[in-house]
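Chemist:
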Amino acid sequence: MIRAVLLDLGGPVLDEDAEYEAWARFLRGALAAEGIVVPEEEFAREVRVGIARCDPNAHLSAVWSFVRPDVDRFLRIRTAFREHSRALGATLPGVEVRPEAREVIPALAARYPLAIAANQPVTVLPLLEAAGLLRHFRWQHVSEGMGVAKPSPLLFRMVLDGLGVKPEEAVMVGDRLDFDVHPAKLMGMKTIRVLVGPYAGQEPISPFHVPHRTVPTLSELASTLASFL
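Take the position in the sequence shown, starting the count at 1, then add 762; the result is the number in our numbering.
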């Protein structure tokens with residue numbers, strides 16, 4: 763019996779393509795400042811390679827491929843990138859709620875307790891509230907406000923404890939095999955992968971990275987959840 767649905771935000775609910783493009787522009791600029799000019803498509807190709815092999819941060823993996831074996835260069839760019847990412851997180855420019863999420867989330871909330879399970883800054887919560895979606899979640903905390911981030915099992919335990927459900931009674935829905943599917947399966951949860959955004963290019967690197975179900979968008983989520991009953 764499904765007693766809770768944990769939902770990732772970036773990807774399934776939020777279109778973050780503009781943010782990823784901003785990351786790539788910044789990092790190509792940082793590389794250029796180090797004297798390394800990388801064409802846009804070449805950098806994008808390296809990011810896709812990192813995503814496919816489930817690198818935790820494919821953009822930094824791409825940077826390393828261009829600066830290796832120079833650790834000092836890598837650290838300078840990584841430090842600047844973290845500051846840039848924090849600045850973007852304060853305003854979330856270009857991040858939008860997907861149209862299907864506006865329809866699916868209220869309908870799901872009428873059938874299942876919903877929880878946010880997302881690596882996000884707290885600034886994402888007003889975005890959900892403005893879209894009329896935040897009120898549909900019984901657990902409304904994100905990683906920044908929880909002090910822990912995926913793929914740590916602690917984030918999932920905190921969410922499950924907050925809802926009062928066991929792992930085997932919950933389903934994790936997300937776009938990443940490494941941050942959503944893998945840790946949730948290890949804990950005994952059911953998993954559904956949503957094939958949206960850049961992480962649709964991830965390839966499973968272990969049996970625990972293979973989701974129980976896969977859907978192209980959130981629009982197919984309700985019928986897929988019913989298949990677990």
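No residue lacks a Cβ here, since even glycine has one placed at the ideal position from N, Cα and C.
Is Lys928 near the ligand MN, going by C-beta to nearest heavy atom under 6 angstroms?
Modeler: With respect to the ligand MN, the structure offers nothing, as it holds no ligand at all.
Chemist: So, at 6 angstroms on beta carbons, what are the nonlocal neighbours of Glu930 in its own chain, with the 5 sequence-adjacent residues on each side left out?
Modeler: The residue you call residue 930 lines up with position 168 of the sequence shown. Cβ within range, chain order: Gly950.
Chemist: Is Thr953 buried or exposed, if buried means 16 or more other CB atoms sit within 10 Å of its CB?
Modeler: Translated into the one-based positions of the sequence shown, residue 953 becomes position 191. Thr953 is buried by the Cβ-count criterion.
Chemist: Enumerate in chain order the residues of its own chain whose CB-to-CB distance from Arg919 is below 6 angstroms, with the five nearest sequence positions on each side excluded.
Modeler: The residue labelled residue 919 in the question sits at position 157 within the sequence shown. Closer than 6 angstroms at the Cβ level, and outside the excluded window around Arg919, lies no residue.
Chemist: So, with DSSP's three-state summary, where would you put Glu965?
Modeler: The count along the sequence shown starts at 1 and reaches residue 965 at position 203. Here Glu965 sits in coil by DSSP.
Chemist: State buried or exposed for Lys912, treating a residue as buried only when at least 16 other CB atoms are found within 10 Å of its CB.
Modeler: Residue mapping note: residue 912 aligns to position 150 of the sequence shown, counting from 1. So Lys912 counts as buried.
Chemist: On the CB-based measure, 16 or more other CB atoms within 10 Å of its CB, does Gly907 come out buried or exposed?
Modeler: For the purposes of this step, residue 907 is identified with residue 145 of the sequence shown, where counting begins at 1. By the neighbour-count rule (16 or more Cβ atoms within 10 Å), Gly907 is not buried but exposed.
Chemist: Inspect the CB distances between the stretch 874-883 and the stretch 807-826 and report whether three or more fall short of 8 angstroms.
Modeler: These segments do not touch.
Chemist: Kindly list the residues whose CB is nearer than 7 angstroms to the CB of Ala766, restricted to its own chain and excluding five residues on each side of it in sequence; keep chain order.
Modeler: Mapped onto the sequence shown, residue 766 falls at position 4. Correct list, in chain order: Tyr874, Pro875, Ala877, Leu925, Val927, Glu931 and Ala932.
Chemist: Beta carbon of Val958, beta carbon of Val977: below 7 angstroms?
Modeler: Counted from its first residue, the sequence shown places residue 958 at position 196. Counted from its first residue, the sequence shown places residue 977 at position 215. Their beta carbons are not under 7 angstroms apart, which means Val958 does not touch Val977 by this criterion.
Chemist: Please state the DSSP three-state secondary structure of Val998.
Modeler: What is shown of the chain runs 763 to 991, which leaves residue 998 out entirely.
Chemist: Would you identify the three-state DSSP class for Val935, choosing helix, strand or coil?
Modeler: As a working note, residue 935 is residue 173 in the sequence shown. Note: Val935 maps to strand in three-state DSSP.
Chemist: Under 7 angstroms between the Cβ atoms of Glu891 and Asp777?
Modeler: Residue numbering aside, residue 891 sits at position 129 when the sequence shown is read from its first letter. Residue numbering aside, residue 777 sits at position 15 when the sequence shown is read from its first letter. No. Outside cutoff.
Chemist: Could you give the distance in angstroms between the alpha-carbon of Phe836 and the alpha-carbon of Thr986?
Modeler: The residue labelled residue 836 in the question sits at position 74 within the sequence shown. The residue labelled residue 986 in the question sits at position 224 within the sequence shown. So the two alpha carbons sit approximately 43 angstroms from each other.
Chemist: Rounded to the nearest angstrom, how far is the Cβ of Val972 from that of Ala863, given a contact under 8 angstroms?
Modeler: As a position in the sequence shown, residue 972 is number 210, starting the count at 1. As a position in the sequence shown, residue 863 is number 101, starting the count at 1. Actually they do not touch by this definition, with Cβ atoms about 25 angstroms apart.
Chemist: Are the CB atoms of Asp770 and Asp942 within a distance shorter than 7 angstroms?
Modeler: The count along the sequence shown starts at 1 and reaches residue 942 at position 180. The count along the sequence shown starts at 1 and reaches residue 770 at position 8. Contact flag set, yes.
Chemist: Measure from the alpha carbon of Pro969 to the alpha carbon of each residue in Gly963, Leu948 and Ala962, then state which is nearest.
Modeler: Against the sequence shown, residue 969 aligns to sequence position 207. Ranking Gly963, Leu948 and Ala962 by Cα distance to Pro969 puts Leu948 first.
Chemist: Can you name, in chain order, every residue of its own chain whose Cβ lies under 7 angstroms from the Cβ of Gly812, other than the five neighbours on each side?
Modeler: Taking the sequence shown and counting its residues from 1, the one referred to as residue 812 is at position 50. Here the set comprises Ala820, Ser823 and Ala824.
Chemist: Does the separation of the CB atoms of Gly963 and Ala814 fall below 7 angstroms?
Modeler: Locating residue 963 in the sequence shown gives position 201, where the first residue counts as 1. Locating residue 814 in the sequence shown gives position 52, where the first residue counts as 1. Yes, these two residues count as a Cβ contact at 7 angstroms.
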